[in-house]
Amino acid sequence: MLTDDILLSILGRVDTATATRTSVLSKRWRDLPWLLPVLNLRVWDFLPHSCPEPIAAHHMDQAMSRLTKATRSLLADPNSKSTIIKRLSLQLYVTGDYALEIGSLACDAIDCGVVKNMCLAIVDEKDPRDCEHEYMLQQALAVDGFLTAYPSVFQCLTKLRLYNVWFAEWDMQHLLFDSCKQLKQLSLSHCDVGDSSVWQINAPDSKLRILEVRMSCLKRIEVLCLPKLKHLSWDEWFCFEAPLRFGSVPSLKVQGLICGATIDHQEFSLSQVLHGTRNIHTLPLARRRRPNQWRRRAIWRSLQTYATTGLNFCWIRLTEVPAWRGHCGC
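Reading the sequence shown from the start, the letters are residues 1 to 330 in the UniProt record's numbering.
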């Protein structure tokens with residue numbers, strides 16, 4: 001007979017929807033999902049297996065209903081839980097009342113000391129190409145309302161993913177850096193503070209180590225101060241100039257860039273996006289597979305110019321990646 005430790009190890013390798021369903025197998029299996037030290041509650045795991053894309057609103061509602069039921073069964077009475085949850089990963093839509101109940105359950109578990117670390121992904125199924133400013137503003141209000149309603153979430157939030165959100169500049173700094181003191185990884189897909197705006201990050205007390213940006217209309221990101229930042233990647237920018245500037249980033253070692261440039265994009269020296277860095281050893285560079293894009297010889301010319309600074313790169317990779325097609329995934 002397998003021990004509980006082995007069974008828990010097996011349950012830890014499947015999604016939570018499957019793990020909770022095992023509780024009906026026998027009396028022995030009934031309590032095992034409640035002993036898992038890591039909980040991954042993903043709304044995508046509760047969608048129908050044959051769910052077509054784009055995902056319909058009623059399928060999203062059904063998935064959130066099932067996710068809420070699973071969350072309630074696992075977190076409804078946190079004081080009775082004998083195992084500390086080392087990491088709670090939540091992925092949800094912020095539509096309807098389901099998100100409010102899930103947020104309340106998570107907040108209670110945090111307040112009771114049951115949950116120590118939390119990862120949160122607030123996803124959206126709308127194709128970025130179909131997102132109007134008004135829609136992104138509504139998404140931002142929903143995200144802000146969810147997070148500010150449960151301040152305990154900020155205390156242990158270590159990883160955050162957001163999609164299709166239009167922030168005001170002050171809100172972005174306050175929400176992502178001033179409030180989330182424990183945040184170590186931030187991923188923003190099609191999130192902006194305004195077309196062709198400059199996002200300045202000045203967070204000397206931040207613990208952020210990984211910053212990932214995808215498909216943004218920002219003109220530029222200026223990292224004035226992020227002392228713990230080790231990895232920064234920007235997958236597709238659209239403005240016609242160097243997308244990054246750095247101030248104090250003493251820990252930055254990996255910088256990845258994927259350019260969506262067209263023939264209208266001006267060439268710029270690679271030193272413009274590396275100035276202020278001293279410890280980068282990995283530099284992945286890529287272009288979208290479209291006509292008339294960044295030319296490899298232009299990139300190599302920039303590398304040869306920048307080599308005169310004396311920096312030694314351990315790994316430089318030039319690749320091509322497919323053009324964006326369809327939904328922006330997790």
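For every residue, glycine included, the Cβ atom is placed at its ideal position computed from N, Cα and C.
Shown here, residue 96 sits in coil according to DSSP, grouped into three states, outside any helix or strand.
Cβ contact annotation for residue 211 (same chain, cutoff 7 Å, sequence separation greater than five): 186, 229, 232, in chain order.
Residue environment analysis places residue 249 among the buried positions, since at least 16 neighbouring C-beta atoms fall within 10 angstroms of its C-beta. In this chain, the beta strand (DSSP E) harbouring residue 163 covers 157 to 163. The beta carbon of residue 44 lies closer than 7 Å to those of 91 in the same chain, with the five residues before and after it left out. In the DSSP annotation of this structure, the continuous segment of the alpha helix (DSSP H) that includes residue 149 starts and ends at 133 to 149. Annotation for residue 121: the continuous beta strand (DSSP E) segment containing it runs 118 to 122. When DSSP states are grouped into helix, strand and coil, residue 128 belongs to the helix group. Within the segment 36 to 85, complete beta strand (DSSP E) segments of at least 3 residues are found at 38 to 42, given in chain order. Bounds of any beta strand (DSSP E) do not take in residue 273; it lies within the alpha helix (DSSP H) bounded by 271 to 274. Comparing alpha-carbon positions, the option among 48, 198, 159 lying closest to residue 64 turns out to be 48. Assignment of residue 254 by DSSP, reduced to helix, strand and coil, places it in the strand class.
Rounded to whole angstroms, the separation of the alpha carbons of residue 259 and residue 274 is 16 Å.
Here residue 280 carries a coil assignment [DSSP, helix/strand/coil]. Between residue 253 and the set 126, 278, 66, 68, the nearest pair of CA atoms involves 278. As computed with DSSP, residue 222 is found in a beta bridge with 200, 245. The three-state secondary structure of residue 189, taken from DSSP, is strand. Look at residue 208 here: in three-state DSSP terms it is coil, with no helix or strand label. For residue 233, the enclosing beta strand (DSSP E) stretches over residues 231 to 237. With a cutoff of 7 Å on beta-carbon distance, residue 163 and residue 198 are scored as not near each other. Cα atoms of residue 246 and residue 105: separation of roughly 40 Å, rounded to the nearest angstrom.
Residue 203 and residue 251 have their C-alpha atoms spaced approximately 14 Å apart. The DSSP-derived three-state label of residue 115 is strand.
Residue 213 sits in a strand when the DSSP states are folded into three classes.
Setting aside the 5 residues that flank it on each side, residue 235 is surrounded in the same chain by 214, 258, each with a C-beta closer than 6 Å to its C-beta; the list follows chain order.
Assignment of residue 175 by DSSP, reduced to helix, strand and coil, places it in the helix class. Contact check for residue 94 against residue 146 passes: the beta carbons are separated by less than 7 Å.
In the assembly as shown, residue 103 is a buried residue. Its beta-carbon has 16 or more other beta-carbons within 10 Å.
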